[in-house]
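Residue numbers (the working numbering), protein chains in the order written: chain A, 12 to 433; chain B, 296 to 567. We put the CB at the ideal spot given by N, CA and C, even for glycine. Being a predicted model, the structure only gives us computed values, none of them experimental.
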Amino acid sequence: MSKKLYLCSRNNANSSFKSMHKTSIAALFAVPLFLVSCIPAEDPNTECDIEAVSLHFETPTDVFYHDYDTLQTVISTETAIEFIIRSYANVQSVPTTLRITPDATVFIKSADGTDIPFRNGSAVDFSDEKVQRFRVVSEDKMWSRDYSIAILHEAPNEGNLFFDFETYALDASGKYYVWETSDVFTDGTWKNGNPGFKISKSSAQPLDYPSTPVAGGGPDGSACVKLETCDTGPFGKMVNMRLASGSMFNGIFDVGNALTDALKATQFGTPFLHKPVMLRVWLRFEPGSVFQDRDGNVVEGVIDEPDVYVVLYRNEDAEGNRVQLDGNDVLSSPYIIGLGRLPHHYNADGTDQLSANPIHGLTNEWQEVTIPVNYKSEPDPVILQNKGYSLIIGFASSWGGAHFKGAIGSKYYIDNAQLFCE
Amino acid sequence: MKNRILALALLLSACTFLQAKQSQPSTSKEEAWEKWGPTAGLKSGGFLVRAGYVIGGTTPLPLPAEVRKINGFRPRGGVSLGIDGYRMFSKRWGISAGAHFFWEGFHTDADVKNYYVWLEQEGEITKGYFTGTNVTNTEMWGVTLPLLATFRMSPRWNVSAGPYLSLYFDQTFSGEVFDNSKGIGYLREDKPTGTKILMSRENPTPYPDNFPEKMQPVAVGIEVAFDWKTMKHMNVFGLLDWGMTDIWDRNFEAITFKMYPIYATLGVAYRY
Chain A
12 MSKKLYLCSR
22 NNANSSFKSM
32 HKTSIAALFA
42 VPLFLVSCIP
52 AEDPNTECDI
62 EAVSLHFETP
72 TDVFYHDYDT
82 LQTVISTETA
92 IEFIIRSYAN
102 VQSVPTTLRI
112 TPDATVFIKS
122 ADGTDIPFRN
132 GSAVDFSDEK
142 VQRFRVVSED
152 KMWSRDYSIA
162 ILHEAPNEGN
172 LFFDFETYAL
182 DASGKYYVWE
192 TSDVFTDGTW
202 KNGNPGFKIS
212 KSSAQPLDYP
222 STPVAGGGPD
232 GSACVKLETC
242 DTGPFGKMVN
252 MRLASGSMFN
262 GIFDVGNALT
272 DALKATQFGT
282 PFLHKPVMLR
292 VWLRFEPGSV
302 FQDRDGNVVE
312 GVIDEPDVYV
322 VLYRNEDAEG
332 NRVQLDGNDV
342 LSSPYIIGLG
352 RLPHHYNADG
362 TDQLSANPIH
372 GLTNEWQEVT
382 IPVNYKSEPD
392 PVILQNKGYS
402 LIIGFASSWG
412 GAHFKGAIGS
422 KYYIDNAQLF
432 CE
Chain B
296 MKNRILALAL
306 LLSACTFLQA
316 KQSQPSTSKE
326 EAWEKWGPTA
336 GLKSGGFLVR
346 AGYVIGGTTP
356 LPLPAEVRKI
366 NGFRPRGGVS
376 LGIDGYRMFS
386 KRWGISAGAH
396 FFWEGFHTDA
406 DVKNYYVWLE
416 QEGEITKGYF
426 TGTNVTNTEM
436 WGVTLPLLAT
446 FRMSPRWNVS
456 AGPYLSLYFD
466 QTFSGEVFDN
476 SKGIGYLRED
486 KPTGTKILMS
496 RENPTPYPDN
506 FPEKMQPVAV
516 GIEVAFDWKT
526 MKHMNVFGLL
536 DWGMTDIWDR
546 NFEAITFKMY
556 PIYATLGVAY
566 RY
C-alpha cells in the first residue's frame, strides 16, 4: 500500500468535507475522480541493458574500415558484442563508453572474477582479442544481465563462399533453429524471421517455424533448408501481419522492430571485400494454394512466388554515415550497384506484378539455378578493399512476404549455394 | 480498503453536518416537514422515476505504481433510467428498492511503466512488461438493483445507502498500447531482461478481442443516494455506485490487479 496515495486521498477528503454544506452531492462524486488523480510513487527501474558501446580511437580508420564502426548499438537480444577490425590492426587498452539503462549500474569483471564498478571513458584492455565481461544491475537490484565485449580481427575471406546449410541447432530458448554460416557474415549465422514468429505463435514447435532444416532433404541426400510461408495466428492478425514468409539472409534481424516497423527489422548485408558475380544454388518450390493480401483477402488468379537475390551496395554515404539497407529498400536503394535476382514479372514502375504466370521456372523438383549479378556501375577497387560495399544474399518463400502478402503453405527448399566472386 | 473506510466516514460526516444545519426555529421547521412529506407517525410510500447522467470509471484501487500519468479521461455512454419504490416506517426512516437501467463507460489514456501484461488468444500467449501509453475503452449495459435504507435528514433532503447488485447485459473492453509522448513504447517479453519489442502509435497493438468474455456478468457494491425535493413532484438527485467486486474473472491473468466500477449518476426524478 502506498503511503503517498493514502495521504493524497485524505487531503482530498478534507477539502471535500469543507465544501460539503454547499455542494454535498458534487463533493461526494468527486471522490473517485480525485482518487484517480493520485499517482503513487514511481518504482525503481527493473531493466539493465547495455544499449550502445562506443570505443575511442584517435584515428578510427587505422583500426576499423569505417569511422562509424567505433559505435555499436546493441539490440536487446544481443549479449556478445563484437567489434571487427582490420586483419593487421592491433589494439591495446581502449577508452570505452557504455550507454546503459538509466539508473542501472555497470561492473566490469576483473581477472579474478570480482565485479568492479565501471566508469565510462576508462580504458579497457582489448589486446589479443581479450573478451571482457560486464554486468549491468538494474536500479531495483533485482535483475542483472551479463555481457561480453571483444575486439576481433576480421575473418580471412577468399571471396567465393559455399553454403551447405548442414550446421544448425536450436537457439538458446529451444524454440527455433539457427544456422551457422561463414564467419564473413554478422555473428557467423544466417538470419531469418523466426524470432518474430516466436512472439506471435508461442505454441509453435521448432519444425512449425517458417525457416526449418530438413535432414536428408537435400538433392545430395544431406540436410537442406525449408522456408515456408506460415500463418502467424491470432496475434499476427491483431497487428495486421497475417503471414510470415520463410526467409534466410545475412545481416541483422532486430526483432524489436518486428511489430512497429517490420521492414526495418530485417537489416540486410555484411561488409564484403570482393565483387560477387554469380550465385549458383539448388532450389525447389511448391506454391501455397491461396494467395492473400495484407488484409487477408483472397486474391484470385495470383500464384505465389519465391525469391532469391544477391546485392552489392555502398555502405557509407557522402558524409561518412552508415548506409544500412532494410526491407524498405533492399532491392531498390540508390546505393545498390550490383543486383542479381530470380526472374519475376514487374510493373513499369518496378513494383512487383502479381501474376498467375510465374517466370522463375522453379518446380517441385530440385534444380540448380544460376543467378548472375548485374552491375549498374563497377565497384571502386579502393572502396572494395576497405569494405565500403556490403553483400546481401537473401531467400524468401513468398516474394511479397515483407509486405505480408503471399500464400500460406508456400514451400521453398534451398541447398548448396555457391557465391562466385571476381 | 482505506479508501472505502474513507468514503464511509465522509458520508457519515456529511449526514451529521447537514443535520446540524437544520436546527432552525421550530415553527417553520414543522411547517416544512408538513409541506415536503410525511410527518412523524405517518407511514407512507411511493415511487421515484429517475433519469440521470452517469459518469465514472472502472479503476484499480489504489492505483498501482505502474500507472505513471493519466493523460486523458472521457466518459462514454452515460445514461441511466430507473424506478425506485420506497416505504417510510417513521418520520425519518424507510427503505427503498429499485431497478436502474444504465449505459455507462469511459475512455482513458494513461502512461504506464513496467506494467505486466499477459495476453492469451486461441492458445497463443504473449506476456511481459509494457512501458508506454495504454488506451482503454469500456462500455457496459445493464441494470442495477439497489436495496437501500433511507434516512430523511431534513424535510427536503433524503440520503439512502445500501447494497446493490448489477447485472450486465453486454460489456465491451477494448484498447491498445503504443509509445508515449516521449516516443517510449515497448514490451519486455517475459521478464524485464527479455526481448525488447517496440510499440508505436503508427502501428498500435490492440487488446485481444476476447477481453469482454473474461468479465464478470454481475457486480455487487454499495449505493449512496442523495435526493433533494425541488418541487412537489420533482427531485434532484445524485447517487454513487461503488463496486466492491472485481470486474474480471478470478482466473483472468491479463490484468494482474482488481478493477472496480465506480460510477456516479446525477439527474432528476419524478416523485409519485
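{"query": "Inter-residue spacing [alpha-carbon to alpha-carbon] between D360 (chain A) and P359 (chain B)", "result": "54 angstroms"}
{"query": "Buried or exposed by the 16-neighbour rule on C-beta atoms within 10 Å, applied to P128 (chain A)", "result": "exposed"}
{"query": "Contact check, V117 (chain A) vs L109 (chain A), beta carbons under 9 angstroms", "result": "yes"}
{"query": "Start-to-end residues for the beta strand (DSSP E) that takes in I403 (chain A)", "result": "Y400 to A407"}
{"query": "Backbone CA spacing between A514 (chain B) and G340 (chain B) [nearest angstrom]", "result": "28 angstroms"}
{"query": "Residue-chain proximity (E53 (chain A), chain B), Cβ-Cβ < 9 angstroms", "result": "yes"}
{"query": "C-beta neighbour in chain A for N498 (chain B), strict 9 angstroms", "result": "yes"}
{"query": "Short CB-CB distance (under 9 angstroms) between I420 (chain B) and chain A", "result": "yes"}
{"query": "Pair within 9 angstroms by beta-carbon distance, S159 (chain A) and F145 (chain A)", "result": "yes"}
{"query": "C-beta neighbour in chain A for L358 (chain B), strict 9 angstroms", "result": "yes"}
{"query": "Simplified DSSP assignment, three categories, for M249 (chain A)", "result": "helix"}
{"query": "Neighbour list for A269 (chain A) in chain B, Cβ cutoff strictly below 7 angstroms", "result": "I492"}
{"query": "Min CB distance N409 (chain B) to chain A below 9 angstroms", "result": "yes"}
{"query": "Three-state secondary structure assigned by DSSP to H414 (chain A)", "result": "helix"}
{"query": "9 angstroms Cβ cutoff, V266 (chain A) in contact with chain E", "result": "No chain E is part of this structure, whose protein chains are labelled A and B."}
{"query": "CA-to-CA distance, T178 (chain A) to Q429 (chain A), given in whole angstroms", "result": "16 angstroms"}
{"query": "Short CB-CB distance (under 9 angstroms) between I390 (chain B) and chain A", "result": "no"}
{"query": "8 angstroms contact criterion, which L373 (chain A) and L294 (chain A) should meet: CB distance rounded", "result": "6 angstroms"}
{"query": "Beta-carbon proximity check, G480 (chain B) vs S495 (chain B), cutoff 9 angstroms", "result": "yes"}
{"query": "Beta carbon of Y386 (chain A) nearer than 9 angstroms to that of V225 (chain A)", "result": "no"}
{"query": "Members of the stretch 247 to 265 of chain A near chain B, C-beta cut-off 7 angstroms", "result": "M249 and V250"}
{"query": "Beta-carbon contacts of T90 (chain A) that lie in its chain and below 6 angstroms, excluding the five residues immediately before and after", "result": "Y158"}
{"query": "Cβ separation of L414 (chain B) and D379 (chain B), assumed to be a contact under 8 angstroms, to the nearest whole Å", "result": "Not quite, the Cβ-Cβ distance comes to about 41 angstroms (not below 8 angstroms), so this is no contact."}
{"query": "Environment of L535 (chain B) [buried if 16+ CB atoms lie within 10 Å]", "result": "buried"}
{"query": "Own chain, CB closer than 7 angstroms to H414 (chain A), minus 5 neighbours either side, in chain order", "result": "R305"}
{"query": "Same chain, Cβ closer than 7 angstroms to K527 (chain B), five either side skipped, listed in chain order", "result": "none"}
{"query": "Short CB-CB distance (under 9 angstroms) between I365 (chain B) and chain A", "result": "yes"}
{"query": "Spatially closest choice to V195 (chain A) from A:G170, A:S149, A:N205 and A:W154, by CA coordinates", "result": "A:G170"}
{"query": "Local Cβ density within 10 Å of G229 (chain A), reported as buried at 16 or more and exposed below that", "result": "buried"}
{"query": "Inter-residue Cα distance where the pair is L356 (chain B) and G538 (chain B)", "result": "11 angstroms"}
{"query": "contact_flag[the stretch 408 to 424 of chain B, the stretch 438 to 456 of chain B] where n(CB pairs < 8 angstroms) is 3 or more", "result": "no"}
{"query": "Burial state of K212 (chain A) (16 or more Cβ within 10 Å)", "result": "buried"}
{"query": "Meets three-Cβ-pair contact criterion under 8 angstroms: the stretch 363 to 371 of chain B and the stretch 392 to 409 of chain B", "result": "yes"}
{"query": "Integer-rounded CB distance, given that F468 (chain B) should sit under 8 angstroms from P503 (chain B)", "result": "Not a contact, Cβ separation roughly 10 angstroms."}
{"query": "Range covered by the beta strand (DSSP E) that runs through L172 (chain A)", "result": "L172 to F174"}
{"query": "Check whether F296 (chain A) and K422 (chain A) have beta carbons under 9 angstroms apart", "result": "yes"}
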